């Protein structure tokens, strides 16, 4: 997928004008955001589980080479096969080769962010395969030829009416308006696709080194039909999905559903281990795991290692004032919201992802709700430092920062300037207590007034009261 | 592709530099953790006596739109199934997991009920299968694949009926898995944890049941476990 992150500002402005999108985004607050708060409050051990979740991931990342080797050995023991891919192209090649070896014409897919990351669908389609997304949200955006706008709800940016129109366009027939009937129609159509499929591709929420299992989590049951009906099952997952034991998976699973949608537990959590066993009446004959690196093995050695704890719950975006106003598509690539602002520049480069780490007020809500306590604002700040080092920051902002830096390092000068600035702003306000415009603050005062400083500077008041 | 494998592992090791001693220690740590898996934290919520676990399981499953009925013994299952199908206006035709335990239910006691034993076919409307355990914490069923317990029975039909013995309801997921591990060693091909019927919020965040899996889930909790043969 081609990144359009450089157009963030323009797209975010467009999003604010888009009434349908704003309606859809407003639903996240009452739905997932409130749901997470309720679910966390219902489980007294929730905060302790977050500490444990972080510790599990930190431990695994510090021993990632060893856990990956253990995982591979268990998969092979169970009759499966592991394929290693250094980058997106290598992963796409492996999946296509596996589909060809299986004589596949038709492929079903259950939701996988890694497949989005490597642009798998477009590649398989270009090579003559029919690829059908089975998660309802992914199916909807596949019909619209759009990238996902959210980690958990890829079609969260659409209203019911837009989906009604879409289904008429693609399925024909009379226009359906009831959500239940829309779900029923998708169920009927996709049922046929499941039965026709030669290969089923799923992602994995976790890979378990102890057993060689891949864990999928869905509410729809589409992962189970995707991997249970075709002859070949391919799991595609990135390196950091591996964790040590089944017990570790359960600790993280207790965090996942609650953080994502406020559910106590998602409807379906499935551990698959190898292909069909002797005597089994169903299950695939072949089981493959494609392990994707795509820069992660290098990331493990940097400050961005913490980002590899991410379990893709979406809580950071559900609580982000910027995401909730701009929507996912403004971010211009596969990963969106605060986690996307940290992750996307890793894949497309900070030059192409420049606006993303700046699309934050550093209010800190993302870090507050992250189930594995990723310091997202701090990691975004690291990208901002990188922007400065690479001279990507525009000259005015660069000089502004230089000037501020020069003052901040000279306390006497800083205090003097602050005192003068406060006095000047107060004079400008001419007793009204607020300013409709202020020098260098046009962006801020364009939509609101700037309150004029009252009394002395903080340092002056501090000194007076201490005396 | 072993070239890619070597390259990835080499880069990981460059990112995670360890001295020879540290390498030995890291290997020992990983070996230990994998050899003796232990729970990290069991929420207090599910750590109750048998009756408490059954009650919590029932409440939690009902909260996610599963129907739960408590039966005294396995012989009561066929009548409960027939009544349920009548109540939902469903045909008296079911496909049942070919599990000897479910045969003990004596389906012939319901002459109107047409019973086929085996795996689900695309046109089957009602599947009946047996859960290995239940988990009180979240009202979750744990199903394990085996020749006598095909996985698709709980996913393909629109109505899923699952039998679970009250004795097999644990407090937490880890407690069920520990018993599974003790009994089987390595896990079966598929372990399915099921919490309520299939659902989606993908159309305007409104929850609808029956997205791909079952629209309805009936859980029959059987109080008395059948006596073991041997």
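Protein chains in written order, with our numbering: chain A, 77 to 543; chain B, 1199 to 1428.
The beta carbon of each residue, even a glycine, is placed where N, CA and C say it ideally should be.
Computed from a predicted model, the values in this text were never measured in an experiment.
For residue 1192 of chain B and residue 425 of chain A, what's the separation of their Cα atoms in angstroms?
Only positions 1199 to 1428 of chain B appear in this structure, which leaves residue 1192 of chain B out of reach.
Classify residue 175 of chain A as buried or exposed, calling it buried when 16 or more other Cβ atoms lie within 10 Å of its own Cβ.
Buried, because 16 or more other Cβ atoms sit within 10 Å of the Cβ of residue 175 of chain A.
I need the straight-line Cα distance from residue 240 of chain A to residue 84 of chain A, nearest angstrom please.
Cα-Cα distance, rounded: 29 Å.
Strictly below 7 Å CB to CB, what residues from chain B border residue 289 of chain A?
Listed by position along chain B, the residues whose Cβ is nearer than 7 Å to that of residue 289 of chain A are 1385.
Which residues of chain A have a Cβ atom closer than 8 Å to the Cβ of residue 1227 of chain B, listed in chain order?
Simply 139.
Name the chain A residues whose beta carbon is nearer than 7 Å to that of residue 1377 of chain B?
Ordered by position in chain A, no residue passes the 7 Å Cβ test against residue 1377 of chain B, which lies about 12 Å from the chain.
Would you mind reading off the limits of the beta strand (DSSP E) that contains residue 157 of chain A?
For residue 157 of chain A, the uninterrupted beta strand (DSSP E) segment begins and ends at 157-161.
For residue 1402 of chain B, decide whether its Cβ has a neighbour in chain A, counting only Cβ atoms nearer than 8 Å.
Yes, because at least one Cβ of chain A sits closer than 8 Å to the Cβ of residue 1402 of chain B.
For the alpha helix (DSSP H) containing residue 130 of chain A, list its first residue and its last residue.
For residue 130 of chain A, the uninterrupted alpha helix (DSSP H) run begins and ends at 122-138, by DSSP.
Along chain A, which residues have their Cβ under 7 Å away from the Cβ of residue 1398 of chain B?
In chain order: 212, 259, 295, 296.
Beta-carbon gap between residue 288 of chain A and residue 126 of chain A smaller than 8 Å
In this structure, residue 126 of chain A does not lie closer than 8 Å to residue 288 of chain A by Cβ.
Can you name the residues that DSSP bridges to residue 510 of chain A?
A:527.
Report the partner residues of residue 344 of chain A according to the DSSP bridge assignment.
DSSP lists A:294, B:1392 as partners of residue 344 of chain A.
Run through chain B and tell me which residues come within less than 9 Å of residue 549 of chain A, C-beta to C-beta.
This structure leaves residue 549 of chain A out entirely; chain A is present only between 77 and 543.
Interface partners of residue 485 of chain A on chain B, CB under 7 Å:
Going along chain B, no residue has its Cβ under 7 Å from residue 485 of chain A, so there is no contact; the nearest lies around 34 Å.
Using 8 Å as the limit for Cβ to Cβ distance, is residue 1428 of chain B near chain A?
Note that residue 1428 of chain B scores a pLDDT of 46, beneath 50, so its modelled location is shaky; the value from the coordinates is reported in the next line. It does not: the Cβ of residue 1428 of chain B has no partner Cβ on chain A nearer than 8 Å.
So, with DSSP's three-state summary, where would you put residue 147 of chain A?
DSSP, read as helix, strand or coil, puts residue 147 of chain A in helix.
Helix, strand or coil for residue 1406 of chain B? Go by DSSP, reduced to three states.
Residue 1406 of chain B falls in the strand class under three-state DSSP.
Environment of residue 1428 of chain B [buried if 16+ CB atoms lie within 10 Å]:
Any reading at residue 1428 of chain B needs caution, since the residue's pLDDT is 46, under 50, leaving its predicted position unreliable; the model's value is listed next. Exposed is the call here.
Which of helix, strand or coil DSSP assigns to residue 111 of chain A:
Residue 111 of chain A falls in the helix class under three-state DSSP.
Candidates B:1259, B:1399, B:1334: which alpha carbon is nearest residue 1247 of chain B's?
Among B:1259, B:1399, B:1334, the Cα nearest to that of residue 1247 of chain B belongs to B:1334.
Taking residue 419 of chain A as the reference, give the member of A:445, A:403, A:379 with the closest Cα.
Restricting attention to A:445, A:403, A:379, the CA atom closest to the CA of residue 419 of chain A is found in A:379.
Please report the straight-line C-alpha distance between residue 281 of chain A and residue 1322 of chain B, rounded to a whole angstrom.
If I take the Cα positions, the gap works out to 30 Å.
For chain B, is any of its Cβ atoms less than 8 Å away from the one on residue 278 of chain A?
Taking 8 Å as the threshold, the shortest C-beta distance from residue 278 of chain A to chain B does not fall below it.
If you measure between the beta carbons of residue 1361 of chain B and residue 1329 of chain B, is that distance less than 8 Å?
Closer than 8 Å, so yes.
Of all the beta strand (DSSP E) runs that stay within the bounds of the segment 1350-1401 of chain B, which reach a length of 3 or more residues?
Within the segment 1350-1401 of chain B, the complete beta strand (DSSP E) segments of 3 residues or longer fall at 1357-1363, 1388-1392, listed in chain order.
Take the Cβ of residue 1364 of chain B as the centre, count every other Cβ of all protein chains shown within 10 Å, and call the residue buried at 16 or more, exposed below.
Looking at its Cβ environment, which holds 16 or more other Cβ atoms inside 10 Å, residue 1364 of chain B is buried.
Just to confirm the assignment: which complete beta strand (DSSP E) runs, minimum length 3, are found wholly within the segment 1226-1303 of chain B?
Correct list: 1265-1269, 1291-1294.
Going along the segment 186-200 of chain A in order, which residues come within less than 7 Å of chain B, judged by CB to CB distance?
Result list empty, no residue passes.
Taking residue 1205 of chain B as the query, report the chain A residues whose CB atoms sit under 9 Å from its CB, ordered along the chain.
Here the neighbours are 160, 162, 369, 373.
Residue range of the unbroken alpha helix (DSSP H) whose run includes residue 182 of chain A
Run containing residue 182 of chain A: none in the alpha helix (DSSP H); it sits in the beta strand (DSSP E), 182-185.
Closer than 7 Å by beta-carbon distance: list the chain B residues that pair up with residue 447 of chain A, in chain order.
Listed along the chain, the chain B residues whose CB falls inside 7 Å of the CB of residue 447 of chain A amount to none; the nearest CB is some 14 Å away.
How would you list, in chain order, the residues of chain A whose beta-carbon sits under 7 Å from the beta-carbon of residue 1317 of chain B?
The answer, in chain order, is 357, 358.
Less than 8 Å between the beta carbons of residue 1232 of chain B and residue 286 of chain A, yes or no?
It is a contact, given that the beta carbons lie within the stated cut-off.
Within a Cβ cutoff of 7 Å, which residues of the same chain sit near residue 1350 of chain B, ignoring the five residues on either side of it in sequence?
1317, 1318, listed in sequence order.
Strand pairing of residue 1347 of chain B, partner residues [DSSP]
Its beta-bridge partners are B:1344.
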